[in-house]
Amino acid sequence: MLKPEIAIVGGGPAGLSAALSAVRQGAEVMLLDRDPSLGGQLVKQTHMFFGSKKEYAAIRGIDIPGKLISALEDEGKGRFKPLLNTAVLGYYDDGVILADKEEEAMLIKPQKIVIATGAAEKMLPFPGNDLPGVYGAGAVQTLMNVYGIKPGNRVLMVGAGNIGLIVSYQLRQAGVEVAAIIEGASRIGGYLVHATKVRRAGIPILTSHTIKEAYGKQKVEGALICNLDENWCAIPGSDKDMKVDVICLAVGLTPQTELLWQAGCQQKYLPELGGYVPLRNEKMQTSLSSVYVAGDVACIEEAGSAMVEGKIAGLFAAADLGYDEKVEERFLAYSQELEELRAGPTGAKIREGLARLNGGV
Amino acid sequence: MRIEDHPIIKFKRGKPVSFTFEGRQIEAFEGETIAAALHAAGVRVLSHSHNLKRPRGFFCAIGNCSSCLMKVNGAYNVRICVEPVNEGDRVEMQEGRGDIIAQA
Numbered sequence: 001m002l003k004p005e006i007a008i009v010g011g012g013p014a015g016l017s018a019a020l021s022a023v024r025q026g027a028e029v030m031l032l033d034r035d036p037s038l039g040g041q042l043v044k045q046t047h048m049f050f051g052s053k054k055e056y057a058a059i060r061g062i063d064i065p066g067k068l069i070s071a072l073e074d075e076g077k078g079r080f081k082p083l084l085n086t087a088v089l090g091y092y093d094d095g096v097i098l099a100d101k102e103e104e105a106m107l108i109k110p111q112k113i114v115i116a117t118g119a120a121e122k123m124l125p126f127p128g129n130d131l132p133g134v135y136g137a138g139a140v141q142t143l144m145n146v147y148g149i150k151p152g153n154r155v156l157m158v159g160a161g162n163i164g165l166i167v168s169y170q171l172r173q174a175g176v177e178v179a180a181i182i183e184g185a186s187r188i189g190g191y192l193v194h195a196t197k198v199r200r201a202g203i204p205i206l207t208s209h210t211i212k213e214a215y216g217k218q219k220v221e222g223a224l225i226c227n228l229d230e231n232w233c234a235i236p237g238s239d240k241d242m243k244v245d246v247i248c249l250a251v252g253l254t255p256q257t258e259l260l261w262q263a264g265c266q267q268k269y270l271p272e273l274g275g276y277v278p279l280r281n282e283k284m285q286t287s288l289s290s291v292y293v294a295g296d297v298a299c300i301e302e303a304g305s306a307m308v309e310g311k312i313a314g315l316f317a318a319a320d321l322g323y324d325e326k327v328e329e330r331f332l333a334y335s336q337e338l339e340e341l342r343a344g345p346t347g348a349k350i351r352e353g354l355a356r357l358n359g360g361v
Numbered sequence: 001m002r003i004e005d006h007p008i009i010k011f012k013r014g015k016p017v018s019f020t021f022e023g024r025q026i027e028a029f030e031g032e033t034i035a036a037a038l039h040a041a042g043v044r045v046l047s048h049s050h051n052l053k054r055p056r057g058f059f060c061a062i063g064n065c066s067s068c069l070m071k072v073n074g075a076y077n078v079r080i081c082v083e084p085v086n087e088g089d090r091v092e093m094q095e096g097r098g099d100i101i102a103q104a
């Protein structure tokens, strides 16, 4: 059985930051990721980041993992052990993690564990939503930004949050037509800067619109969309037929909390934060003292805040093992950073959700 | 369906490899997944639902949704969206849940 001081599950922005933060404190870190390379979903984020300079604003997402990994290799020499192609399958009562590394079972008993498993895409119920040609927005990004393959010729984007807007723009960059972006709410959810770019590219954004049906025999041949009234009810006679071969769903994410449920961490359902999220204190420590969380698994936000949460979780996982150099000072800096990232109108929903989370079970 | 010119990304494709899908030869590049190669070749239907046999396609691309499970070199339930393609792979559609013991 392997006994690292700290095990981190998930090597996306949150997990990598947690690893770097813990290694900087002097702890020994094992980072487990099911993929063959680190970086999580950053590998397909070709757009530049906003937010904090400290969290790589104005740098493209795809360029961030390389920076974190080289810092880890450099500063964590001998104390940073990444285990790739390693899927964590279970967490047992005695604190043992079961992992599958290339079909070999592994047992790991860390002293502290940081869960940074990220999120999964939400589905939208409508007839035909299972037809080939209905893709999650992340899948479209993977196809076109990682493998350089067009998802199709003409796309209907469902959802005008940041992901819907950004992926629509990326589709245009890849030479794919976007017929329209539809959004059920009466206003665009994403940043104005993304919406403006999309509109400049000639893509219509139809608010108060939803998808009624996807049709096609073996794959998507088109979609029926319609107008919604202020009560989110379809307005009769407002149907429009869109001839598209791809329907891309960008309707939000939900935390991947399976390991937290297994571990027995207390969770609370907060739609503002994406669904069930773990209760945690300001140290990102859950109701189980040896389990910390960071990133989308803790609250659906964006990579910048995921990285700061990672720093906090890694800092305290290490500090609680005695590697507590400058812990107060660092914690203060990270908390301020988080507060800045969540300031303003775009962070309102997150702030409300977190306030309710901290309001008790 | 491959993107040749992109304003931001330079795609570094690996060396060409070929594999078979349902007996048909498909060209791919080393470093891509089986699902990506099939998509580039125009294959959209990857499986069928167990009860109603409705067609299922590429959906999540990160090994979460099980819409793309196939039989690869005799092994069932391979998530082809995260399985790298290798020269000479034998890829077949899988009906039903398959057998958990790999066949030669």
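Line by line, the protein sequences are chains L and Y. Going by this note's numbering, the first residue of the first sequence is number 1, and it counts up by one from there. Going by this note's numbering, the first residue of the second sequence is number 1, and it counts up by one from there. Just so you know, even glycine gets a beta-carbon here, dropped at the ideal spot from N, CA and C.
In the DSSP assignment, Tyr169/L falls within the unbroken alpha helix (DSSP H) covering 162 to 173.
Here DSSP, grouped into helix, strand and coil, assigns Leu260/L to helix. With contacts defined by Cβ atoms closer than 8 Å, Leu84/L and Asp130/L do not form a contacting pair. Contacts between Glu83/Y and chain L, judged by CB atoms closer than 7 Å, are missing: the closest CB pair is about 10 Å apart. Only those residues of the region 242 to 270 of chain L whose C-beta falls short of 7 Å from the nearest C-beta of chain Y would be listed, and there are none.
Look at the region 29 to 50 of chain Y: the residues with a C-beta under 8 Å from a C-beta of chain L are Glu32, Thr33, Ala36, His39, Ala40, Arg44, Val45, Leu46, Ser49.
Gly344/L and Ala294/L have their C-alpha atoms spaced approximately 22 Å apart.
When DSSP reads this structure, Thr33/Y sits in a beta bridge with Pro84/Y.
In the structure shown, Phe80/L adopts extended strand secondary structure according to DSSP, grouped into three states.
The DSSP-derived three-state label of Ala319/L is helix. Flagged as an interface residue toward chain L: Gly57/Y, by a C-beta distance shorter than 8 Å. Met1/L sits exposed, since fewer than 16 C-beta atoms from the chains shown fall within 10 Å of its C-beta. Non-local beta-carbon contacts of Arg24/L in its own chain, meaning distances under 7 Å to residues more than five positions away in sequence, involve Glu75 in chain order. For Asp74/L, the enclosing alpha helix (DSSP H) starts and ends at 64 to 75. Cβ contact annotation for His48/Y (same chain, cutoff 7 Å, sequence separation greater than five): Arg54, Pro55, Arg56, Glu95, in chain order. One thing to note: Gly12/L has its Cβ within 8 Å of the Cβ of Leu42/L.
The beta carbon of Met106/L does not come within 8 Å of any beta carbon belonging to chain Y, so the residue lies off that interface.
Taking 8 Å as the upper bound for CB-CB distance, Ile6/L and Val114/L are in contact here, some 7 Å apart. Note on geometry: alpha-carbon atoms of Lys109/L and Thr117/L lie some 18 Å from one another. Apart from the 5 residues on each side of it in sequence, Ala28/Y sits with its Cβ closer than 6 Å to the Cβ of Val17, Ala37, Val85 in its chain, given in chain order. From the beta-carbon of Pro7/Y, the residues of chain L found nearer than 8 Å are Gln173. Burial check for Ile149/L: the Cβ neighbour count within 10 Å reaches 16 or more, so the residue is buried. One thing to note: Glu213/L has its Cβ no nearer than 8 Å to the Cβ of Ala201/L. With the criterion set as a beta carbon lying under 9 Å from some beta carbon of chain Y, the members of the region 131 to 161 of chain L are Leu131, Pro132, Gly133, Val134, Tyr135, Gly136, Gly138, Ala139, Val140, Gln141, Thr142, Leu143, Met144, Asn145, Val146, Tyr147, Gly148, Ile149, Lys150, Pro151, Gly152, Asn153, in sequence order.
If you look at Thr46/L, you'll find it isn't in any beta strand (DSSP E); DSSP assigns it neither H nor E. DSSP, reduced to helix, strand and coil, places Ala348/L within a helical segment of the structure shown.
For the set Glu230/L, Glu102/L, Ser17/L, the Cα lying nearest the Cα of Gly184/L is the one of Glu230/L.
Listed along chain Y, the residues sitting closer than 8 Å to Thr46/L by beta-carbon distance are Ile8, Ile9. Checking the DSSP bridge columns, you'll see Gly275/L partnered with Leu270/L.
In the DSSP assignment, the residues bridged to Met106/L are Ala99/L. In this structure, the CA atom of Met93/Y is about 25 Å from the CA atom of Ala137/L. Annotation for Val327/L: Ala319 place their beta carbon closer than 6 Å to its own, counting only its chain and skipping 5 residues before and after. When the Cα atoms are used, Val193/L and Gly161/L turn out to be separated by approximately 12 Å. Per the DSSP secondary-structure output, Ala214/L pairs in a beta bridge with Ala223/L. Non-local beta-carbon contacts of Ser186/L in its own chain, meaning distances under 6 Å to residues more than five positions away in sequence, involve Thr207, Ser208 in chain order.
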